[in-house]
Each structure stands twice: as structure tokens, then as C-alpha cells.
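Position 169 of the sequence shown, counting from 1, maps to 169 under full-length UniProt numbering, and the rest follow consecutively.
Beta carbons: idealized from backbone N, C-alpha and C, even for Gly.
First the structure, in the form of C-alpha cells, and then the observations on it.
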Amino acid sequence: MAGPPEGTPVWADAMFTDLEGARAFYGEVLGWTFREEVTEHGGRVRAYAGGGAAAALVPPVPGRCGGAPQSAWCLHFASPDVEAVARRVRESGGRVVAGPAAPGEPGPALLAHGPDGAVFGVRRPDARPCFEARGVPGAYRWAEVNTREAARTDAFFRTVFPFAVERPAGSGPDPDLAVFRVGETPVLGRRRMGEGFPPEMRPFVGVHFAVDDVDAAIGRATAHGGKVVSGPAEGPFGRFATLVDPQGAVFSLVGAVGAED
């Protein structure tokens, strides 16, 4: 099946009980424009950056996070064999919370979480929508698994997907940072959750969106009810910061406009 290699991030969406509030917040912070759609669970909103699809805002979906609905971003990875991914998730200590769905069904083919509870999705390579916006403000740029169990998380993801794990030279077997690659292409980071993260915050796959000016975007976010969790700081892709929106969904900003994946 043609399409992106297995393990490539292909889409991001977030559940919100207040879709209009989420639309207003992210429109101000990221400059998104929107188009409304209708699904079996109610209305949803597709977000656009520079005319290309960037993400979706969706209403709560029963069972999506394995418990009570909560606002959260979810990154979706490509796989041509969703059933095999589900099997590897279970065998590696994770949990499948929805799916596998049959080919052609709308939405993600699989929702799962790792042993630490970080939720992610899986989509078949030909599924739509997918990331279209590239190198413009508001576009998806990067993602990181944020966890308190670094070694266990590394082992899980390299078993579930065909990832090679790259760790900083001289960092030892359990470093604070790592990068997952598909072939020679870096596709996902992993960060240990340190003291800057509230102890009640559960592990998550953090989605990073590109902006022209991280500090200005932080100002817009805090002016509209968002809060800074960590940063701003300098990273491999430029200046970045992690925030939580007014409904509790964690996301990151990175100053990487114009960069290509």
C-alpha cells in the first residue's frame, strides 16, 4: 500500500467539550481558519493553516481515552497493518482503547496507550484527512512522548513501530531525551517529565505547532486563558514552550516556520 512509512505521524486531533471555545483559542494563538463537519458523535471542526489541513477539533468520543472524556491532543501514526500494531501494543504492556476499525471506517483505525498511559492513534496510510500544511504558522512540526518512565517507553515504541532509538552520546541507558527514527528520518522525540511538570499531569504525546514568534504566541495564549507548563527554551528545532489550553489539553509551540520535515 502506497503512503508514508509505518510510524510516520500523519494527523493530530483533540477532544473538547466546548468546541467553540477551542476554536476561538487556537484561532487566536495559531491563526487557524476552520471548517465545520458532521460526524456520528456530533459536529467537529477541521483546522487549516496556510490553506492546508493542520488538525481537527472533535467532540468527546465515548471510550476514546479509556475513561471519562477529557480534553487532550492525540497524534496519529501511519501503519498498513493496524491489527498487527494492536497485537504488539498488547504484547508490550500497552492497552488498546478503541479499534481496530475495519478499512474504510471514518476516524482513527486504532487508539491505544503505552504502559505509562500516553495515548496515541494509528491510521492506515491512505486515510484522510492528513497533514497538508507545511512550513507555515500553525502547521504541525514535531511531537514528543512525555513520560516519567523513559527506558520503558523507549522499549515500547520501538517494539510497536519500526523505530530506531537515538540517544545523546554519553547519556547512558536511561537518558532524559531520545529521538525515534524511521530509517534515517527523525519522526518523534521522547522527553522525561521533570520537576517542571505538575505531578498530577499524566504522560502524553505532545504535539508541537509552528509559529513565527514563540514568545508572542505565548502572550496570545495566556491572554486567552492558557498557561505555560515549561519553557520557553531553546531546542533542536528552535525556541519552544509547552502550554495547557483553557480546557486542559497540553500542546507545544515551536519557532520553526519555514522548516521542512
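Check, Outcome
"Rounded distance between the beta-carbons of R190 and V145, thought under 8 Å", "5 Å"
"E144 (DSSP reduced to helix, strand or coil)", "strand"
"Span separating the alpha-carbon of V96 from that of E20", "30 Å"
"Under the three-state DSSP convention, the category G66 falls into", "Interpretation of G66 is limited by its pLDDT of 48, a score under 50 that renders its predicted location unreliable; the figure taken from the coordinates is listed afterwards. Looking at G66 - three-state DSSP - the assignment turns out to be coil, as it is neither helix nor strand."
"Distance CB(G248)-CB(A55) smaller than 9 Å", "no"
"Cβ neighbour criterion (16 or more within 10 Å) applied to P4", "buried"
"G66 to R141 span [Cα, whole Å]", "Confidence at G66 is low in this model, with a pLDDT of 48, below 50, so its placement is unreliable and the value that follows should be read with caution. Distance between the alpha carbons of G66 and R141: 27 Å."
"Three-pair Cβ contact test at 8 Å for the region 180-187 versus the region 122-141", "no"
"Rounded separation between G238 and A24 - CA only", "26 Å"
"CB-CB length for R220 against E28, believed under 8 Å", "5 Å"
"Three-state class that DSSP yields for D261 in the structure shown", "Residue placement at D261 is flagged as unreliable, the pLDDT there being 47, under the threshold of 50; the coordinate-derived value follows with that caveat. Three-state DSSP puts D261 in coil, outside helix and strand."
"Contact belief for G225 with P246 at Cβ below 8 Å, rounded distance in angstroms", "4 Å"
"Residue nearest to G235 in terms of C-alpha spacing, selected from G50, H208 and R90", "H208"
"C-alpha distance - R123 paired with V45, whole-angstrom precision", "19 Å"
"Residue 262 versus V244: straight-line alpha-carbon distance, rounded", "This structure cannot settle anything about residue 262, because the visible part of the chain is limited to 1 through 261."
"Coil, strand or helix - V214 by DSSP", "helix"
"Counterpart residues of F180 in DSSP-defined beta bridges", "V165 and L188"
"Candidates G93, L253, S92 and A112: closest to T222 by CA position", "L253"
"Inter-residue CB distance, A178 and E166 (contact presumed, cutoff 8 Å)", "7 Å"
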